Amino acid sequence: AFLQGLIDEKRSMEEKGNTMIDHLLSLQKSQPEYYTDQIIKGLIQGLLSAGTKTSAITLEARPIIAKILSMSEDEF
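Those letters in the sequence shown? Residues 62 to 137, per our numbering, in order.
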């Protein structure tokens, strides 16, 4: 529902921007059989998920990386 709202909002705007959704909606006009709203929502969800996972892993690994960087060669 949230992602469909974003798509609908962008679609109804008179002035088009330079966002990913704008570009996907442009592609939808030329290839509607492929770039359905379902496909566009899937692409957005994939990017959001990837960004969230990357941030979570970075935060999780931070103490370990800090420990490794502070070690001298003798400690390896």
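Note that beta-carbon positions come from the ideal geometry of N, C-alpha and C, so glycine has one too.
Because the structure is a prediction, the values reported are computed rather than measured.
Once DSSP output is grouped into helix, strand and coil, what is the label at Pro-124? helix
Below 8 Å, how does it come out for the segment 97–107 and the segment 62–78: are there three or more Cβ pairs, yes or no? yes
Cβ neighbour criterion (16 or more within 10 Å) applied to Ile-82: buried
Count the other C-beta atoms from every protein chain shown that fall within 10 angstroms of the C-beta of Ile-101, then say buried if there are 16 or more, exposed otherwise. buried
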